[in-house]
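Chemist: Residue numbers (the working numbering), protein chains in the order written: chain A, 1 to 365; chain B, 1001 to 1523.
Glycine included, C-beta positions come from ideal geometry on N, C-alpha and C.
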Amino acid sequence: MDSSFVYAGIAVAVILVVVVAALALRRRKVHGRVEPLAATPLVEAAAESTALLEIEVPDPAAGRLHRLRARLARSNTAIGQGLFALLSRDSIDAATWDEVEETLLLADLGVGPTNEIIEQLRTALKVEGGARSADDVREALRSALLGLVDPSMERELVTQAAGRPAVVMIVGVNGTGKTTTTGKLARLLVAEGRSVVLGAADTFRAAAAEQLQTWGDRVGATVVRGPEGGDPAAVAFDAVATGVKVEADTVVIDTAGRLHTKTGLMDELDKVKRVIEKQSPVDEVLLVLDATTGQNGLVQARVFAESVNVTGIVLTKLDGTARGGIVIAVQRELGVPVKLVGLGEGPDDLAPFDPIAFIDALVAN
Amino acid sequence: MFANLSDRLAGTFKGLRGKGRLSEADIDATVLDIRTALLEADVAVPVVRAFTAIVKERALAAAASGALNPAQQIVKIVHEELVTILGGEARPIRLAKQPPTVIVLAGLQGAGKTTLAGKLALQLKGQGHTPLLVAADLQRPNAVDQLRVMAERAGVAIFAPEPGNGVGDPVRVTKDARAFAVQKQHDVVIVDTAGRLAIDAELMQQLREVKAAAEPDETLFVVDAMIGQDAVRTAEEFMQSVGFDGIVLTKLDGDARGGAALSVKGITGKPILFASVGEKLSDFEVFHPDRMASRILDMGDMLTLIEQAERAFDAEQTERMAKKVAQGEDFTLDDFLEQMQAVKKMGSLGKILGMLPGMGDMKAQLDQVDDKDLDRVAAIIQSMTPGERGDPKILNGSRRLRIAKGAGTTVTEVNGLVDRFAQAQKMMKQMGRGGGMPGMPGMGGMPGMGGGAKKSKGKSQGPSKSKKGRSGNPAKRADQEAGLSVAAPITSGPGSMLGIGSPGPADNPAVLELPDELKRLLG
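#1: Taking 8 Å as the CB-CB cut-off, is B/E1162 touching chain A?
#2: Starting from the beta carbon of A/Q331, find every residue of chain B whose beta carbon is closer than 8 Å, and list them in chain order.
#3: Which parts of the segment 191 to 223 of chain A are runs of the beta strand (DSSP E), unbroken and 3 residues or longer, counting only runs that do not cross its ends?
#4: Between the segment 1193 to 1202 of chain B and the segment 1236 to 1248 of chain B, do three or more beta carbon pairs fall short of 8 Å?
#5: Classify B/G1258: buried if its beta carbon has 16 or more other beta carbons within 10 angstroms, exposed otherwise.
#6: Please confirm if A/Q160 has its CB atom under 8 Å from at least one CB of chain B.
#7: Count the other CB atoms, across all protein chains shown, that sit within 10 Å of the CB of B/A1202; report buried if there are 16 or more and exposed otherwise.
#8: State the Cα-Cα distance for the pair A/I326 and A/A107, rounded to the nearest angstrom.
#9: Going by DSSP in three states, B/F1284 sits in which element: helix, strand or coil?
#10: Is B/N1142 close to chain A? Criterion is C-beta to C-beta, closer than 8 Å.
#11: According to DSSP, what are the bridge partners of A/D254?
#12: What are the boundary residues of the beta strand (DSSP E) that includes B/F1274?
#13: In or out: A/I356 buried (at least 16 other Cβ within 10 Å) or exposed?
#14: Spatial neighbours of B/V1045 within its chain, please: C-beta separation below 7 Å, excluding the five flanking residues on both sides.
#15: Would B/A1201 pass as an interface residue toward chain A - the criterion being a Cβ-Cβ separation below 8 Å?
#16: Under a CB-based cut-off of 8 Å, is B/N1415 close to chain A?
#17: To be precise: take each residue of the segment 300 to 318 of chain A, compare its Cβ to all Cβ atoms of chain B, and keep it if any distance is under 7 Å. Which residues remain?
#18: Determine, using beta carbons only, whether B/L1132 comes closer than 8 Å to chain A.
#19: Given B/G1110, which residues of its chain have a CB within under 8 Å of its CB, disregarding the five upstream and five downstream residues?
#20: What three-state label does DSSP hand A/R312 in the structure shown?
#21: Using the beta-carbon count (16 or more within 10 Å), is B/G1166 buried or exposed?
#22: Could you tell me whether any Cβ in chain B is nearer than 8 Å to the Cβ of A/G294?
#23: Could you pull the DSSP bridge partners for B/T1250 from this structure?
#24: DSSP state of A/V341, grouped into three classes?
#25: If you reduce the DSSP assignment to three classes, tell me which class A/E156 lands in.
#26: Taking the Cβ atom as the reference point for each residue, do B/L1105 and B/V1191 lie within a distance shorter than 8 Å?
#27: With a cut-off of 8 Å on the beta carbons, I'd call A/D254 and A/A201 a contact; round off their distance for me.
#28: Using the Cα positions of B/V1083 and B/T1332, report the straight-line distance between them to the nearest angstrom.
#29: Mapping DSSP to helix, strand and coil, what is A/L109?
#30: If I follow the unbroken alpha helix (DSSP H) through B/E1202, where does it start and stop?
#31: For A/L298, collect the residues of the same chain with a Cβ closer than 7 Å to its Cβ; drop the 5 residues on either side in sequence, then sort them by chain order.
#32: Please report the distance separating the alpha-carbon of A/A144 from that of A/Q120.
#33: Residues of chain B with CB closer than 8 Å to the CB of A/I326, please, in chain order.
#34: What's the gap between the Cα of B/S1560 and the Cα of B/V1343?
#35: What are the partner residues of B/T1101, as DSSP defines its beta bridges?
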């Protein structure tokens, strides 16, 4: 290995630019592109615009997961109950194991973890011998699943810091629900009696700041906004500065969705974090993952972790039929725990993740 | 990351060389590899099962016929089958005989419906229609505002009588929109609906009502390319309870392998009409089944590489290079530097090189490529005076020493750069002269490039192959080979043969034809 690969890469680029240039030469200009209209400058460190709006009182955080258990069950019964039914059969043959495998694969667990859990179940059930009671099976299943989610991980969300506001950054690819999560997290914090400042550092997507503003207004949180298309790092900086000034407990920064393959955008995210750190350390970087995401979720998590050092995962849209099995792979590969789960469209459907309650809900009869 | 299917199969077959014929057990092992590859690409389990059954059947037939290179043969079979499933009848939007044509967008939350509405509107506007965007997503906070901004950017009209945020009835809005469109003479109406889960009976009922009110000519199911196993269930349920006529795949600019495309298409049988490939409103194109197949199998993908390059190089830069190529002007170290910076924008070097066909064998080495080396090369160039950059021939010993010191490196490194630059310069000149690369020097056989290299050599039909210019450096030769396969499309067809630019029926045959060539390169 020497630098020859570098030259190879450059040469490829040289060739590519020629190809692109040749194409450009041949191509007729078909139609002009519509330039985006200049965004109206709109800088406002919005004061609490609560005069007209009634401030809602969110549900308390404690016990949310229990309350949402029914919904979780709806989403996840198939995996827990399905496996349970399969493993309780009188004789477990190869076909049954195939079905077990399929059930796990359908949960987006991925090929690797699936094979592992099957191995584990095989050994557990072999030891039990022929006489398997329903409880034995349930216990084996429970411990196998618990092993996957690893209850020993630290899942406490750091939302308080001594002498300064705690800073939480929300990151993720497009459309996973970052802004919604930011809004719901603000409610969760307000429910615990914290004062919250929201930073709308998603200056890219149309109306993202308004969306966050709507969330902020509902619970009476201050929202710091910048001009559309402005520098997200500046907005984040202002948000933290506002947080310090009003002596808020927590500052939550919503960032624009970005695909992890866009190096420029990942650098921008890195910059947002660096700029915030000029004032205050960032306590939490939460990666929002959509429960419907497949194997690409692992790649996403890895790239985001490299760029901004992700400290926790928020798994959203778990109320559908999706199982979010990809977080298992993410948790294990990167050691980043799931800290919050989104279980519905309601404003108070974001809950702290409790692995034991979660698994118990899965295998409960 | 997992090696691609091609490599994995090659590994499986390595042990079988002496056997002469494949046994059924060998085929089973192969099919298992294919299964894993498809599952890693998020293809849904039922689809995988059906698919591997077909492949197994064909593979058995191929094995029986005693094919020379069974591994490649099977990859080819898999690829072909994928294209067959993904392809089918690709078609443009069906326009109503009696305007307005109504298009309803439906899908999960966060699939990208609102953004897609803007993109579709811009595209239709470019085709001379007068689209009207309808804000029927009254659920998500400020979705209406987002659509309004989209409409502004696309320069089209919007119908948004309700403020949204949970206020208003989407069914009513849709109904009124139709009348509004007729009155204002909009010939296409695009209805953006709220994202919903297929298991939410209430919202699905609402969607059915919206659909009934809209009387759509096209209902498009918008699906995220990153979706996992849930794709099938969601698609099935949308299909059953609401029904749709076509599929749009979004966020294809990421690196998801997009097995969902296969799942959704395989289960519903509805065609995939469009792919959304970026954040700009114009990043929208017709769907290419063959590229998708290569992507699912994680095979080298030249077309994607070229497209990525198109995005990384800005228009002005390309314009300038185009001129230089056309006039046979000298390519300077400044240009070299500029392109290096563009490479950085495209992502890591290892990934770029990995996209070249035939580079699979070097995956391990590619993973070790250090992008910092690019900076080192850049430092060398930046240590030169403008005069030196324009004409590297003036670089004598003492200048080289000064440059090496300035860049914090050795004279050998500087020499290496200058030599390679001279080769690149020569190559550019030749490309400019012939359109293709006929007499390109240094087309030696490349170890590790396999049969692909030889085939591409045949294709270039070079009359005189000068041996002097052959590079002693394997990597250098590799990229010369690569250059050849890139150059092939240039000589192969007119106009927008790469399917970049205005999507339309014209570029479809070429698009289908090109990857065939690449397929041959691969196997």
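Modeler: This is what the structure holds:
#1: Here residue 1162 of chain B is taken as the residue at index 162 of the second sequence, counted from 1. Chain A contact via Cβ: absent.
#2: Translated into positions along the first sequence, residue 331 of chain A becomes position 331. For A/Q331, none of the residues of chain B pass the 8 Å Cβ criterion, the least Cβ distance being about 16 Å.
#3: Runs of beta strand (DSSP E) with 3 or more residues, each lying fully within the segment 191 to 223 of chain A, are found at 196 to 201, listed in chain order.
#4: Taking 8 Å as the limit for Cβ pairs, the verdict is that the segment 1236 to 1248 of chain B does touch the segment 1193 to 1202 of chain B.
#5: One-based indexing of the second sequence puts residue 1258 of chain B at position 258. Taking a 10 Å sphere around the C-beta of B/G1258, we find 16 or more other C-beta atoms and assign the residue as buried.
#6: Reading the first sequence from its first residue, position 160 is the one you call residue 160 of chain A. By this cut-off, A/Q160 is not an interface position.
#7: Numbered from its first residue, the second sequence carries residue 1202 of chain B at position 202. Reading off the sequence, residue 1202 of chain B comes out as Glu, not Ala. Here B/E1202 is exposed. Its C-beta has fewer than 16 other C-beta atoms within 10 Å.
#8: The sequence position of residue 326 of chain A within the first sequence is 326, counting from 1. The sequence position of residue 107 of chain A within the first sequence is 107, counting from 1. A/I326 and A/A107: Cα-Cα distance of roughly 8 Å.
#9: Translated into positions along the second sequence, residue 1284 of chain B becomes position 284. Of the three classes helix, strand and coil, the one that applies to B/F1284 here is strand, per DSSP.
#10: Reading the second sequence from its first residue, position 142 is the one you call residue 1142 of chain B. The Cβ of B/N1142 sits closer than 8 Å to at least one Cβ of chain A.
#11: Walking along the first sequence from the start, residue 254 of chain A turns up at place 254. Beta-bridge annotation (DSSP): A/D254 is paired with A/I170, A/A200.
#12: Sequence index remark: in the second sequence, residue 1274 of chain B carries index 274 (1-based). Counting along the chain, the unbroken beta strand (DSSP E) around B/F1274 starts and ends at 1272 to 1276.
#13: For the purposes of this step, residue 356 of chain A is identified with residue 356 of the first sequence, where counting begins at 1. Exposed.
#14: Within the second sequence, the letter at position 45 stands for residue 1045 of chain B. The answer, listed in chain order, is Q1229.
#15: Looking up residue 1201 of chain B in the second sequence gives position 201. So no, B/A1201 is outside the interface.
#16: The sequence position of residue 1415 of chain B within the second sequence is 415, counting from 1. For B/N1415, the answer is no, since every Cβ of chain A falls outside 8 Å of its Cβ.
#17: Answer set for the segment 300 to 318 of chain A: K317.
#18: For the purposes of this step, residue 1132 of chain B is taken as the residue at position 132 of the second sequence. Not a single C-beta of chain A is nearer than 8 Å to the C-beta of B/L1132.
#19: Walking along the second sequence from the start, residue 1110 of chain B turns up at place 110. If we look at B/G1110 and ignore the five residues flanking it on each side, its Cβ neighbours are G1195, D1224.
#20: On the first sequence, residue 312 of chain A is found 312 positions in, with the first residue counted as 1. One detail in the question is off: residue 312 of chain A reads as Gly in this sequence, not Arg. In this structure, A/G312 counts as strand in the three-state DSSP scheme.
#21: Taking the second sequence and counting its residues from 1, one reaches residue 1166 of chain B at position 166. Under the 10 Å beta carbon count, B/G1166 is surrounded by fewer than 16 other beta carbons and is classified as exposed.
#22: Counting from one through the first sequence, the residue named residue 294 of chain A turns up at place 294. At a cut-off of 8 Å, the C-beta of A/G294 has a neighbouring C-beta in chain B.
#23: Walking along the second sequence from the start, residue 1250 of chain B turns up at place 250. Among the bridge pairs identified by DSSP, B/T1250 is matched with B/D1224.
#24: The residue given as residue 341 of chain A occupies position 341 in the first sequence. In this structure, A/V341 counts as strand in the three-state DSSP scheme.
#25: On the first sequence, residue 156 of chain A is found 156 positions in, with the first residue counted as 1. The answer is coil: DSSP assigns A/E156 none of H, G, I, E or B.
#26: On the second sequence, position 105 is the one that residue 1105 of chain B refers to. On the second sequence, position 191 is the one that residue 1191 of chain B refers to. In this structure, B/V1191 lies closer than 8 Å to B/L1105 by Cβ.
#27: Counting from one through the first sequence, the residue named residue 254 of chain A turns up at place 254. Counting from one through the first sequence, the residue named residue 201 of chain A turns up at place 201. That pair is a contact at about 6 Å.
#28: Stepping through the second sequence from its first residue, residue 1083 of chain B is reached at position 83. Stepping through the second sequence from its first residue, residue 1332 of chain B is reached at position 332. For the pair B/V1083 and B/T1332, the Cα-to-Cα distance works out to about 43 Å.
#29: Taking the first residue of the first sequence as position 1, residue 109 of chain A is located at position 109. DSSP places A/L109 in coil when its eight states are reduced to three.
#30: In the second sequence, residue 1202 of chain B corresponds to position 202, counting from 1. In the DSSP assignment, B/E1202 falls within the alpha helix (DSSP H) that extends over 1201 to 1214.
#31: Taking the first sequence and counting its residues from 1, one reaches residue 298 of chain A at position 298. Non-local C-beta neighbours of A/L298 in its own chain, meaning closer than 7 Å and more than five positions away in sequence, comprise I326, A329, V330, E333, ordered along the chain.
#32: Counting from 1 along the first sequence, the entry for residue 144 of chain A is found at position 144. Counting from 1 along the first sequence, the entry for residue 120 of chain A is found at position 120. Counting only the Cα atoms, A/Q120 lies some 7 Å from A/A144.
#33: Taking the first sequence and counting its residues from 1, the one referred to as residue 326 of chain A is at position 326. For A/I326, the residues of chain B that pass the 8 Å Cβ criterion are G1228, in the order they occur in the chain.
#34: Residue 1560 of chain B is absent from the structure shown; chain B starts at 1001 and stops at 1523.
#35: Counted from its first residue, the second sequence places residue 1101 of chain B at position 101. Under DSSP, the beta-bridge partners assigned to B/T1101 are B/V1188.
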